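Chains as they are written, first to last, in my numbering: chain S, 191 to 638; chain X, 55 to 385.
Note that the Cβ used here is the ideal one computed from N, Cα and C, for glycine as well.
Just so you know, these numbers come straight off a predicted model, no measurement behind them.
In what follows, a single structure is set out as structure tokens and then discussed.
Take a look at the structure:
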């Protein structure tokens with residue numbers, strides 16, 4: 191059977207076998223949490239607590255007005271010890287609330303809410319109040335995706351279970367262990383949006399989960415909803431939002447547009463489970479799962495920990511590190527995750543993995559001259575011309591870079607992966623995008 | 055925890071195993087059957103030409119870059135490819151000093167003057183041959199029958215020479231020991247005919263090309279369009295299209311020269327137009343030019359258009375035609 195997919199892409203080594211069979215381990219007690227205040231894509235929010243305050247598990251501790259904001263909740267019950275700038279997995283410092291446990295474990299969840307009898311506004315408010323952001327990586331506020339303007343009708347909700355990043359297996363485990371919550375989350379989103387069709391898209395390397403998912407869907411069947419599972423080719427970046435939409439619907443998200451422009455809403459399966467928890471248990475997003483693995487990780491695992499848990503606090507009781515051979519630490523997957531200066535960083539709402547790469551994995555290459563082989567152009571899932579883009583940016587020609595489409599680059603890193611000369615293509619495009627945006631801003635100011 | 059020994063690079067953190075060196079090695083492997091066959095056809099003189107050309111290419115690249123105090127890149131094997139290709143497109147009887155001169159010119163003038171690997175606008179091996187043909191026209195158009203000792207007394211003509219002189223297919227067939235045009239086809243495919251060292255055996259060249267296509271080293275677009283264009287325009291001008299494709303340097307040029315990375319377009323549309331153009335120029339030179347063969351110039355002339363053909367990009371993902379600009383003051 192020919193599997194659906196998109197044009198371009200590459201096949202990085204999967205390296206998922208060390209963790210794909212391991213059940214999720216739940217870590218409940220930690221010695222502290224360092225909760226970054228801003229974990230969403232949007233304007234900053236403010237802490238609602240002061241140093242010395244006692245907080246309950248699930249209590250809201252940071253929030254602000256504004257459509258694109260998402261609150262943050264206390265992942266454990268305890269005392270606020272500090273509010274200070276801390277290193278986040280994106281390598282920037284941001285305000286963080288440090289909470290130490292008091293051993294009480296008092297819970298302050300939201301009331302349980304039935305998504306199928308409440309109003310749309312109530313449902314959207316619940317998703318926001320529960321602090322839910324896209325857990326696949328970008329941290330986009332979930333409620334914003336669910337409230338498209340009236341001129342953008344949605345006809346399908348897509349659950350992103352592709353998990354195309356090498357090494358990561360947390361989404362796979364979530365589907366295997368909590369399929370009911372994923373399907374419930376999908377049903378809630380379908381109800382909230384008033385959409386009939388839901389699709390769970392996963393890569394062929396997870397095809398063994400299809401019977402379980404189909405069974406779960408059949409058990410929880412609801413009138414007027416049609417949820418299906420689609421198996422896609424195992425190919426990076428199949429889990430990129432645009433590539434997933436194209437593989438499943440055949441449509442392309444217009445340049446500069448959003449999935450809603452082609453009638454789609456895409457949510458990561460972790461986000462769906464979080465939505466189910468927010469309604470069925472009243473539990474805000476205070477914990478998340480991630481995969482910890484890599485050559486320098488002696489104990490590869492799928493873990494669920496309270497948000498804000500420092501990876502270094504899990505060492506050595508939960509995670510054992512081969513410090514001698516540790517050469518690179520990545521927050522997320524190896525294709526898009528940023529390398530961080532140490533593993534003393536907090537797990538955020540959008541942290542899907544922690545890679546402890548050893549010296550053999552974490553190689554670093556000198557750039558060689560471009561031989562113009564065109565591999566990057568065949569691999570680019572956005573059909574850009576990375577080699578020509580690289581030339582334009584090296585020449586400082588931002589206009590040419592824009593014409594080739596640097597702003598359409600989804601920064602998946604496939605071009606750099608395939609380049610036989612190890613040219614830092616996507617790395618340069620990230621800078622190019624910033625330069626181009628800065629230039630446009632300047633021009634806009636001058637025009638005013 | 056080792057705080058300062060961690061690598062902090064931007065993602066991605068994994069790389070494919072494909073390297074420039076591996077790509078060049080694939081090309082060398084793909085050329086080996088035709089190279090060995092060349093030595094079988096013409097013996098030691100052919101081997102001498104090949105070794106001289108490769109050695110001169112590698113040494114001149116290393117020497118020139120050392121002179122300029124730049125990094126020596128001969129490890130990427132691109133100079134070996136250039137040297138090998140140059141040897142395969144010249145006659146086996148070419149004096150070795152001419153071969154060395156051509157190779158040095160190809161590497162230093164056509165490649166390194168422009169910045170080295172990946173920066174050369176023209177195919178270095180073809181530039182080397184073009185210079186040699188202009189400088190030593192007699193030596194570069196002296197052909198020998200296969201399996202015969204190479205001495206001036208035994209010079210002959212290539213099938214293309216004969217066709218250009220107006221001979222019929224049957225006449226040409228008789229010169230290669232075949233009695234019918236079908237025999238000529240077979241002969242050309244096998245490659246037991248007079249010609250450059252590595253251009254004659256179409257079957258062995260196609261085997262190498264198939265290897266490169268399967269390995270994803272080259273794309274099919276340029277060779278298919280170039281050979282198609284040679285066949286079409288030859289047929290229009292009344293030449294047997296199959297003979298046009300399988301004689302001369304058409305197959306070697308289409309699969310191994312017109313697919314050169316640096317000097318040809320990277321976009322699919324650009325590749326197609328490049329192929330058509332190179333085929334057309336080849337046929338025009340064969341029919342109306344001063345030389346019996348035109349592949350060299352067909353490709354070199356199209357090389358000049360490559361930067362422009364690169365502008366024919368595939369529309370990007372989600373491309374929307376820009377709307378007409380809003381009228382001033384409407385906002």
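By the DSSP assignment, the beta strand (DSSP E) with residue 418 (chain S) in it spans what residues?
Segment 416–422, the beta strand (DSSP E) holding residue 418 (chain S).
Am I right that residue 352 (chain S) and residue 393 (chain S) are in contact with their C-beta atoms under 8 Å? What's the rounded C-beta distance?
With a Cβ gap of about 5 Å, residue 352 (chain S) and residue 393 (chain S) count as contacting.
In chain X, which residues lie with their C-beta within 7 Å of the C-beta of residue 561 (chain S)?
When 7 Å is used as the limit between beta carbons, residue 561 (chain S) is near these residues of chain X: 74, 171, 172, 315, 316, in chain order.
Would you identify the three-state DSSP class for residue 25 (chain X), choosing helix, strand or coil?
With chain X covering 55 to 385 only, the question about residue 25 (chain X) has no answer from this structure.
Could one say the Cβ of residue 373 (chain X) lies closer than 9 Å to chain S's Cβ atoms, at least one of them?
By the rule that beta-carbons nearer than 9 Å mark a contact, residue 373 (chain X) touches chain S.
Neighbourhood of residue 634 (chain S) by C-beta distance below 8 Å, restricted to the same chain and skipping five residues each side:
Taking C-beta separations shorter than 8 Å and ignoring five residues to either side along the sequence, residue 634 (chain S) has no partners in its chain.
Chain X partners of residue 572 (chain S), CB-CB under 7 Å?
The contact set of residue 572 (chain S) on chain X, defined by CB atoms closer than 7 Å, consists of 370, 371 in chain order.
For residue 338 (chain X) versus residue 294 (chain X), is the C-beta spacing smaller than 9 Å?
Not in contact: residue 338 (chain X) and residue 294 (chain X) (Cβ atoms no closer than 9 Å).
Given that residue 432 (chain S) touches chain X, what residues does it touch there, using C-beta distances under 8 Å?
The contacting residues are 371, 372.
Nearest candidate by alpha-carbon position, reference residue 255 (chain S), set S:237, S:247, S:413:
Looking from the CA of residue 255 (chain S), the closest CA among S:237, S:247, S:413 belongs to S:237.
Give, in chain order, every unbroken run of the beta strand (DSSP E) that is at least 3 residues long and sits entirely within the stretch 271–321 of chain S.
Segments of the beta strand (DSSP E) lying fully in the stretch 271–321 of chain S: 283–291.
Buried or exposed (CB count within 10 angstroms, at least 16 for buried), residue 666 (chain S):
Here chain S comprises residues numbered 191 to 638, so residue 666 (chain S) is not present and cannot be evaluated.
Residue 206 (chain S) and residue 399 (chain S) - do their beta-carbons sit closer together than 9 Å?
Not in contact: residue 399 (chain S) and residue 206 (chain S) (Cβ atoms no closer than 9 Å).
Answer yes or no: does any C-beta atom of chain S fall closer than 9 Å to that of residue 273 (chain X)?
Using beta-carbon distances, residue 273 (chain X) counts as an interface residue toward chain S, with a partner under 9 Å.
Using 9 Å as the limit for Cβ to Cβ distance, is residue 254 (chain S) near chain X?
By the rule that beta-carbons nearer than 9 Å mark a contact, residue 254 (chain S) does not touch chain X.
Below 8 Å, how does it come out for the stretch 296–315 of chain S and the stretch 375–385 of chain S: are there three or more Cβ pairs, yes or no?
With the cut-off at 8 Å, the stretch 296–315 of chain S and the stretch 375–385 of chain S touch.
Cross-strand partners of residue 480 (chain S) (DSSP beta bridge):
Residue 480 (chain S) is bridged to S:493.
The stretch 607–618 of chain S / the stretch 63–74 of chain X touching (three or more Cβ pairs under 8 Å)
Yes: the two stretches touch, three or more of their Cβ pairs being nearer than 8 Å.
With C-beta atoms as the reference, is residue 390 (chain S) less than 9 Å away from residue 360 (chain S)?
Judged by their CB atoms, residue 390 (chain S) and residue 360 (chain S) are not nearer to each other than the 9 Å cut-off.
Is the Cβ of residue 61 (chain X) closer than 9 Å to any Cβ of chain S?
So, interface residue.
Option in X:255, X:326, X:296, X:220 with minimal Cα separation from residue 87 (chain X):
Ranking the options by Cα distance to residue 87 (chain X), first place goes to X:255.
Measuring straight from C-alpha to C-alpha, what distance separates residue 158 (chain X) and residue 164 (chain X)?
Rounded to whole angstroms, the gap between the alpha carbons of residue 158 (chain X) and residue 164 (chain X) is 9 Å.
Drop a sphere of 10 angstroms on the beta-carbon of residue 118 (chain X), count the other beta-carbons inside from all chains shown, and report buried for 16 or more, exposed for fewer.
So residue 118 (chain X) ends up on the buried side.
Applying the criterion that 16 or more other CB atoms from any shown protein chain within 10 Å of the CB defines a buried residue, is residue 283 (chain S) buried or exposed?
So residue 283 (chain S) counts as exposed.
Would you mind giving the Cβ-Cβ distance between residue 518 (chain S) and residue 67 (chain X), rounded to the nearest angstrom? I have them listed as a contact below 8 Å.
Going by Cβ atoms, the distance from residue 518 (chain S) to residue 67 (chain X) rounds to 6 Å, so yes, they are a contact pair.
Which runs of the alpha helix (DSSP H) spanning at least 4 residues fall entirely within the stretch 547–622 of chain S, listed in chain order?
For the stretch 547–622 of chain S, whole alpha helix (DSSP H) runs of length 4 or above, ordered along the chain, are 565–569, 576–584, 588–594, 604–608.
Tell whether a beta-carbon distance below 9 Å holds between residue 528 (chain S) and residue 248 (chain S).
At least 9 Å separates the beta-carbon of residue 528 (chain S) from that of residue 248 (chain S).
Endpoints, beta strand (DSSP E) assigned at residue 346 (chain X)
Careful: residue 346 (chain X) lies outside any beta strand (DSSP E) and carries neither H nor E.
Please go through the same chain and pick out, in chain order, the residues whose beta-carbon is closer than 6 Å to the beta-carbon of residue 214 (chain X), but skip the five residues on each side of it.
Closer than 6 Å at Cβ, skipping near neighbours: 301, 302, 346, 347.
Pop quiz: residue 134 (chain X) and residue 111 (chain X) are said to be a contact at Cβ under 8 Å. What is the actual Cβ separation, rounded to whole angstroms?
Indeed, because the Cβ distance is near 7 Å, the residues count as touching under 8 Å.
First through last residue of the alpha helix (DSSP H) which encompasses residue 242 (chain X):
In the DSSP assignment, residue 242 (chain X) falls within the unbroken alpha helix (DSSP H) covering 235–244.
Between the Cα of residue 604 (chain S) and those of S:595, S:427, S:467, S:561, spot the shortest distance and give me the residue it belongs to.
Residue nearest to residue 604 (chain S) within the set S:595, S:427, S:467, S:561 is S:427 (criterion: CA-CA distance).
Residue environment, residue 550 (chain S), which counts as buried when at least 16 other CB atoms sit within 10 Å
Classification for residue 550 (chain S): exposed.
Counting only Cβ pairs nearer than 7 Å, list the residues of chain S close to residue 183 (chain X).
Neighbours of residue 183 (chain X) in chain S, taken as residues whose beta carbon is under 7 Å from its own, are absent, since the nearest beta carbon is some 21 Å off.
When the cut-off is 9 Å and only beta carbons count, does residue 321 (chain X) lie next to chain S?
For residue 321 (chain X), at least one C-beta of chain S is nearer than 9 Å to its own C-beta.
Mapping DSSP to helix, strand and coil, what is residue 473 (chain S)?
In this structure, DSSP gives residue 473 (chain S) a state outside helix and strand, which the three-state scheme calls coil.
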